[in-house]
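When we follow my numbering, the leftmost residue of the sequence shown carries the number 35, and every step to the right adds one.
A short write-up of the structure that comes next.
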Amino acid sequence: MSAYQRIDVSEIRGITVVYFNERKILEAAQILELGEELLRLIEKDGKRDVLLDFGNVEFLSSAALNKLIILDKKVKGKSGQLKLCNMTPEIREVFVITRLNQLFDIVDTRDRAMDGFQRATAGPA
35 MSAYQRIDVS EIRGITVVYF NERKILEAAQ ILELGEELLR LIEKDGKRDV LLDFGNVEFL
95 SSAALNKLII LDKKVKGKSG QLKLCNMTPE IREVFVITRL NQLFDIVDTR DRAMDGFQRA
155 TAGPA
């Protein structure tokens with residue numbers, strides 16, 4: 035989708051999968067744009083179940099964490115799910131140090147995360 039500059043978005047089995055275009059998410063302007071694009075997925079594009087794939091990300095500033103917290107609140111407000119996957123040990127450590135690993139559903143691989151969505155959405159009708 036060309037509507038996004040900071041992220042690439044695809045749909046897999048009804049799940050919106052987000053890939054970050056930059057390896058280093060550090061600059062204030064970059065983080066602001068990234069946050070706007072992530073929120074647009076929920077507020078304007080109507081996405082509910084979102085998987086953030088950090089496979090391309092080497093560095094993540096603490097300012098970017100705030101955008102993820104806001105995204106999590108928006109997703110939950112739409113009765114959706116947000117999962118994070120493919121983090122390097124260094125990025126995962128940022129979430130542990132800030133205790134955000136207790137807020138976010140962090141999964142090792144994209145496949146495991148996708149399976150988690152399936153289990154959570156495949157309940158009784």
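All C-beta atoms, glycine included, are put in the ideal place defined by N, C-alpha and C.
These numbers were taken from a predicted model, which means no experiment stands behind them.
Own chain partners of residue i with C-beta closer than 6 Å, once the 5 adjacent residues on each side are dropped
i, result
"D145", "none"
"F138", "L118"
"S44", "V51"
DSSP state of residue i mapped onto helix, strand, coil
i, result
"S113", "coil"
"V128", "helix"
"L60", "coil"
"F138", "coil"
"E77", "helix"
"E67", "helix"
"Y53", "strand"
"D87", "strand"
"I44", "What sits at residue 44 in the sequence shown is Ser, not Ile. Looking at S44 - three-state DSSP - the assignment turns out to be strand."
Sub-8 Å separation of residue i and residue j beta-carbons
i, j, result
"L94", "I125", "yes"
"M121", "I46", "no"
"L116", "L105", "yes"
"F113", "R82", "Going by the sequence as given, residue 113 is Ser instead of Phe. Their beta carbons are under 8 Å apart, which means S113 touches R82 by this criterion."
Residues near residue i in its chain [Cβ-Cβ closer than 8 Å; skip 5 each side]
i, result
"K108", "L73, I76, E77"
"Q39", "N55, E67, E71"
"A63", "none"
"I59", "I65, L68, V91, F93, L94, S95, A98"
"T143", "C119, N120"
Anticipated Cβ contact below 8 Å, residue i with residue j, distance rounded
i, j, result
"T50", "V91", "T50 to V91, Cβ: 18 Å. No contact."
"I65", "A98", "5 Å"
"Y53", "D87", "5 Å"
"K101", "G69", "4 Å"
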